[in-house]
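S.K.:
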Amino acid sequence: MAKNKTNTESNPKKSKNDVAVGVVGSGSFATAIVKMLVENCKTVHWCVRNEFVKGAIELRGHNPTYLTAVNFNLKNLKLTTDINELVSACDIIVLATPSIYLSDTLDKMTCEYKDKVFVSAIKGIIPKVNDVVAHYLRDEFKIGFRNQAVIAGPCHAEEVAMERLSYLTVAAVEEETAQKLVNIFNSDFIKMHSSKDILGNEYSAILKNIFAIGAGIASGLGYGDNFTAVFVSNAIREMETFLEAIYEAPRDVNESAYLGDLLVTAYSLFSRNRNLGNLIGKGYTVKSAIQSMNMIAEGYYAADSIYKTSKEKGLKLPIVDTIYGILYEGKNAEKQFKKLTTKLN
133 MAKNKTNTES NPKKSKNDVA VGVVGSGSFA TAIVKMLVEN CKTVHWCVRN
183 EFVKGAIELR GHNPTYLTAV NFNLKNLKLT TDINELVSAC DIIVLATPSI
233 YLSDTLDKMT CEYKDKVFVS AIKGIIPKVN DVVAHYLRDE FKIGFRNQAV
283 IAGPCHAEEV AMERLSYLTV AAVEEETAQK LVNIFNSDFI KMHSSKDILG
333 NEYSAILKNI FAIGAGIASG LGYGDNFTAV FVSNAIREME TFLEAIYEAP
383 RDVNESAYLG DLLVTAYSLF SRNRNLGNLI GKGYTVKSAI QSMNMIAEGY
433 YAADSIYKTS KEKGLKLPIV DTIYGILYEG KNAEKQFKKL TTKLN
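This is the structure in structure tokens:
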């Protein structure tokens with residue numbers, strides 16, 4: 133039976149891991165990741181965005197803005213606002229900022245980091261380079277894939293806060309790295325699996341956000357469950373087409389890191405991308421819909437990059453084309469979805 137408790141104070145009967153791990157970011161998913169890690173780690177280093185957030189957590193034991201019901205035992209945390217302090221102290225660094233802020237964060241990194249493992253929990257495109265995190269770390273910081281990992285899968289932060297059972301996939305080239313990450317994330321409410329498909333997991337996490345915006349638009353326009361089911365079944369095929377064109381690898385898109393993440397993001401009311409699309413479908417302009425949300429919908433930024441990449445590779449992705457047209461070309465959502473209905477099967 134799923135739990136609903138939100139207290140993360142340590143269990144004295146459980147042996148904790150001494151691994152030096154840190155989390156960069158203080159949004160909802162970063163907070164959820166810290167909650168996951170304190171289940172197994174004696175200390176979790178946490179780099180938050182500013183002194184206000186740091187002070188509020190130190191005073192009250194919870195994030196003042198996101199997942200405020202999650203209470204932390206401060207003995208388990210080492211808080212900082214200095215990326216260099218965190219990276220210097222840790223062997224494993226989990227990046228969990230919104231994609232649009234990652235470059236600003238890492239540009240401040242001046243300490244030695246070449247032997248560290250960087251784990252991306254970011255499901256978006258880095259606007260500065262118009263590329264995924266894995267390529268950004270490799271090209272800008274010379275961090276090779278052997279020192280990288282990706283966390284993927286259906287896992288809304290809000291459900292982690294309630295300790296509802298969730299499944300995650302960690303993708304890493306090195307089996308030792310993957311196993312270490314499985315060990316520090318696995319818990320009663322988090323079940324971990326491993327994969328070697330770093331780029332596939334990362335791109336699928338980006339694509340599903342675009343498709344979720346589309347599912348939200350359909351809902352806002354009044355399309356029902358029958359249409360949404362067809363829409364999602366076409367979306368997973370578009371995902372597979374894109375992934376194969378980008379990076380061929382042994383993968384099954386029906387696994388939870390691909391299809392599972394798409395399903396939860398397209399259907400869940402916790403999904404910020406679906407909510408953005410829903411507002412657009414109801415008649416909001418794209419700008420007003422974005423401004424009305426207090427969290428970033430990664431699919432908006434990703435749609436531009438994925439659309440351009442698909443065109444460069446000559447791919448036929450009618451859903452991606454439709455969402456791009458609505459978001460970036462000002463096309464009417466109702467008319468575009470009516471056209472899209474003739475292309476789905």
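Residues in the sequence shown are numbered from 133 upward in steps of one, following the numbering used here.
Glycine included, each C-beta is placed from N, C-alpha and C at the ideal position.
1. Going straight from the alpha carbon of Lys135 to that of Val151, what length do you get?
2. Would you say Leu313 and Ala281 are within 7 Å of each other, going by their C-beta atoms?
3. Is any beta-carbon of chain C found at less than 7 Å from that of Asn410?
4. Figure out for me which residue from Glu171, Gly348, Leu447, Lys174 has the closest Cα to the Cα of Ile455.
5. Which residue comes first and which comes last in the alpha helix (DSSP H) that contains Val362?
6. Within 10 Å of its beta-carbon, does Gly256 have 16 or more other beta-carbons around it, so buried, or fewer, so exposed?
7. With a floor of 3 residues, list each beta strand (DSSP E) that falls wholly inside the region 240-309, ordered by position along the chain.
8. Mind listing, in chain order, the continuous alpha helix (DSSP H) runs of no fewer than 4 residues lying wholly within the region 389-459?
9. So, helix, strand or coil for Gly159, using DSSP?
10. Between the region 219-237 and the region 404-419, do three or more beta carbon pairs fall short of 8 Å?
11. Would you check if the distance between the CB atom of Ser158 and the CB atom of Val180 is smaller than 7 Å?
12. If you drop the 5 nearest sequence neighbours on each side, which residues of the same chain put their C-beta closer than 8 Å to that of Val362?
13. When you compare only the Cα positions, how much space is there between Ile215 and Leu394?
14. Could you check where the alpha helix (DSSP H) with Leu234 kicks off and where it finishes?
15. Can you tell which of Arg296, Asn208, Asn426, Leu353 has its C-alpha closest to the C-alpha of Lys470?
16. Have a look at the DSSP bridge pairing and note the partners of Val153.
17. How many Å lie between Ser388 and Leu209 at the Cα?
18. Which residue or residues does DSSP assign as beta-bridge partners of Pro325?
19. Can you tell me which of Phe250, Ser400, His288, Asn358 puts its alpha carbon nearest to the alpha carbon of Ala310?
20. Pop quiz: Asn172 and Ile316 are said to be a contact at Cβ under 8 Å. What is the actual Cβ separation, rounded to whole angstroms?
21. Could you give the distance in angstroms between the alpha-carbon of Asp239 and the alpha-carbon of Thr441?
22. To the nearest angstrom, report how far apart Ser235 and Glu461 are at their CA atoms.
23. Cα separation between Lys167 and Lys186?
24. Below 7 Å between beta carbons: does that hold for Glu334 and Val264?
25. When you compare the CB positions of Val153 and Ile224, do they come within less than 7 Å of one another, or not?
26. Compare the beta carbon distance of Gly413 and Ala465 with 7 Å and say whether it is the shorter of the two.
27. Quickly, what does DSSP pair Lys210 with across the bridge? List them, please.
28. CB Asn262 to CB Ser437, shorter than 7 Å?
29. For a test of the three-state rule: what should DSSP assign to Asn195, helix, strand or coil?
30. Write down the C-beta distance between Leu227 and Ile254 rounded to the nearest angstrom, noting that I regard them as a contact closer than 8 Å.
31. Three or more C-beta pairs under 8 Å: does that hold for the region 299-310 against the region 323-338?
32. Which residue comes first and which comes last in the alpha helix (DSSP H) that contains Gly352?
M.R.: This is what the structure gives:
1. Interpretation of Lys135 is limited by its pLDDT of 48, a score under 50 that renders its predicted location unreliable; no figure is taken from the coordinates.
2. yes
3. Absent here is chain C; the protein component of the structure consists of one chain.
4. Gly348
5. 357-378
6. buried
7. For the region 240-309, whole beta strand (DSSP E) runs of length 3 or above, ordered along the chain, are 249-252, 280-284, 298-304.
8. 393-399, 404-413, 418-423, 430-444
9. coil
10. no
11. yes
12. The beta carbon of Val362 sits closer than 8 Å to the beta carbons of Leu476, Asn477 from its chain, once the five residues preceding and following it are set aside; these are given in chain order.
13. 32 Å
14. Leu234 -> alpha helix (DSSP H) spans 231-238.
15. Leu353
16. Val176, Ile224
17. Their Cα atoms are separated by approximately 31 Å.
18. Position check: residue 325 holds His in this sequence, whereas Pro was assumed. Thr301, per the DSSP bridge assignment.
19. Phe250
20. 5 Å
21. 26 Å
22. 27 Å
23. 16 Å
24. yes
25. Yes; because the gap between Cβ atoms is below 7 Å, this pair is in contact.
26. yes
27. His177
28. yes
29. In the structure shown, Asn195 falls within a coil segment according to DSSP collapsed to helix, strand and coil.
30. So it is a contact: roughly 6 Å between Cβ atoms.
31. Cβ pair count under 8 Å is three or more, so yes.
32. 330-353
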